[in-house]
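Written out below as structure tokens is the structure these notes cover.
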Amino acid sequence: MTTGAAAYAAAQETPNPDQSTFIDGVPAPQDDTFIDGVPSPSQDEDVTPDNEEGIFIDGQPAPLFVTPADLAKGPVTLAPGQSLIIVMDTETGGTFTGTGGTDDSTIVTFEAATTGATDDDASFNAAFSAEKAGMTKGWVAGPDGHRTIFDITVAAS
42 MTTGAAAYAA
52 AQETPNPDQS
62 TFIDGVPAPQ
72 DDTFIDGVPS
82 PSQDEDVTPD
92 NEEGIFIDGQ
102 PAPLFVTPAD
112 LAKGPVTLAP
122 GQSLIIVMDT
132 ETGGTFTGTG
142 GTDDSTIVTF
152 EAATTGATDD
162 DASFNAAFSA
172 EKAGMTKGWV
182 AGPDGHRTIF
192 DITVAAS
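As numbered in the working numbering, residues 42 to 198 make up the sequence shown, in order.
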């Protein structure tokens, strides 16, 4: 009689060579809708990488996540429809609770952060949204009153 780890190993079933597992014996999907356990885009979904703007999904450019310190380093270029999300720390997030705005809200608009009243309520980061091509100045002011001014260009698509 075998005991211990050898007995446990002997009792385990080896999966068929054509069947893969990804979580302790749970079979992986056998169709091509998953790649390494992650759903792959459907055949009709537009996923086009763009080295300048990020990933486009269904025609929308990926948002940019920046801190107020990042904005102080220089101008920002966005594509029409792209969002510039303001966070306190790009590694861990953190809601930026300050204010902001632009000189021309027809080019870029600012939405202040909203924090849910409870943990079950949704919270949203402060963000600038690129509306149409053009150039304007944007600004953010933290809760401490420190104001950062920066140039925003929305490049024509």
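Backbone N, C-alpha and C fix where the C-beta goes; we use that ideal spot for every residue, glycine too. In this text the structure is predicted, and so the values were computed from the model without any measurement.
If I measure Cβ to Cβ from residue i and keep anything under 7 angstroms in the same chain, skipping five residues before and after, which residues do I get?
i: ALA154; result: THR136, PHE137, THR138, PHE165, ASN166, ALA167
i: THR147; result: GLU172, LYS173
i: VAL128; result: PHE106, THR108, GLY134, GLY135, PHE137, ASN166
i: ALA163; result: GLY157
Please name the residue, chosen from the options, that lies closest to residue i on a Cα-to-Cα basis.
i: VAL181; options: ILE126, GLY141, ASP192; result: GLY141
i: SER170; options: ALA113, LYS114, GLY122; result: GLY122
Here's a check: name, in chain order, each residue in its chain whose Cβ is nearer than 8 angstroms to the Cβ of residue i, leaving out the five neighbours to either side.
i: ILE126; result: PRO104, LEU105, PHE106, VAL107, ASN166, ALA167, ALA168
i: THR159; result: none
When you compare only the Cα positions, how much space is there between residue i and residue j?
i: ALA208; j: PHE151; result: Here the chain comprises residues numbered 42 to 198, so residue 208 is not present and cannot be evaluated.
i: ILE190; j: PRO184; result: 15 angstroms
i: GLY157; j: GLY175; result: 34 angstroms
i: ALA120; j: PRO102; result: 7 angstroms
i: HIS187; j: PRO116; result: 18 angstroms
i: ASP192; j: VAL149; result: 11 angstroms
Within its chain, find whatever has a CB closer than 6 angstroms to the CB of residue i; leave out the 5 residues flanking it on each side and keep chain order.
i: ASP28; result: Coverage of the chain is limited to positions 42 through 198, which leaves residue 28 absent and any answer about it impossible.
i: THR194; result: THR118, MET176
i: SER124; result: PRO104, ALA168, SER170
i: ALA113; result: THR189
On the DSSP letters alone, give me the boundaries of the beta strand (DSSP E) that residue i sits inside.
i: ASP185; result: Here ASP185 belongs to no beta strand (DSSP E), and DSSP marks it neither H nor E.
i: GLU152; result: 149-152
i: PHE169; result: 167-171
Subject >> Start-end ranges of the beta strand (DSSP E) lying completely within the stretch 108-147, minimum 3 residues >> reply: 117-119, 124-130, 134-136, 140-143
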